[in-house]
Amino acid sequence: MNLLRSKPTEVNGDNIVNGEGAWSRDVDTEYKMLSDIQSRLGNNYNASGTIKLYTELEPCPSCRSVIEQFKQMYPNIDVEVVYSVKK
Numbered sequence: 006m007n008l009l010r011s012k013p014t015e016v017n018g019d020n021i022v023n024g025e026g027a028w029s030r031d032v033d034t035e036y037k038m039l040s041d042i043q044s045r046l047g048n049n050y051n052a053s054g055t056i057k058l059y060t061e062l063e064p065c066p067s068c069r070s071v072i073e074q075f076k077q078m079y080p081n082i083d084v085e086v087v088y089s090v091k092k
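To convert, take the position in the sequence shown, counting from 1, and add 5; that gives this note's numbering.
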């Protein structure tokens with residue numbers, strides 16, 4: 006169940022939001038992982054801890070937005086994003 010305030014946006018292969026050939030990023034790992042964690046935390050907005058999120062590529066604009074939403078909802082959870090390839 007997705008509790009994030011907005012659905013992931015559509016981003017194309019050039020990281021252009023709603024650009025030609027864009028697709029919904031609801032299949033991206035960052036979105037799936039944070040949605041799963043959020044469904045487990047529910048309304049426990051005081052939860053604390055650290056999430057180290059590794060992704061091969063730099064997060065797309067949609068995933069960056071989802072990460073920021075998660076951080077706002079759970080301000081005591083530090084989300085560290087690590088990636089190896091900058092697109």
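Backbone N, C-alpha and C fix where the C-beta goes; we use that ideal spot for every residue, glycine too.
Own chain, CB closer than 7 Å to residue i, minus 5 neighbours either side, in chain order
i, result
"V16", "V22, A27, R30, C65, P66, S67"
"G54", "I82"
"E25", "N17"
"Y79", "L46, Y50, A52"
Residues bridged to residue i (per DSSP)
i, result
"L58", "V86"
"E15", "S29"
6 Å Cβ shell around residue i - same chain, five flanking residues per side excluded
i, result
"Q77", "none"
"S70", "none"
Coil, strand or helix - residue i by DSSP
i, result
"E25", "coil"
"V71", "helix"
"E35", "helix"
"M6", "Per-residue confidence for M6 stands at a pLDDT of 41, beneath the threshold of 50, marking its modelled position as unreliable; the derived number appears in the next sentence. Coil, per DSSP."
"P66", "helix"
"S40", "helix"
Cutoff 8 Å; reference residue i; Cβ partners in own chain excluding five residues on either side
i, result
"I72", "E35, L39, L58, P64, V84, V86"
"Y88", "Y59, T60, E61, L62, E63, P64"
Any non-hydrogen atom of the ligand COA closer than 7 Å to residue i Cβ
i, result
"V90", "No copy of the ligand COA occurs in the structure displayed, which carries no ligand at all."
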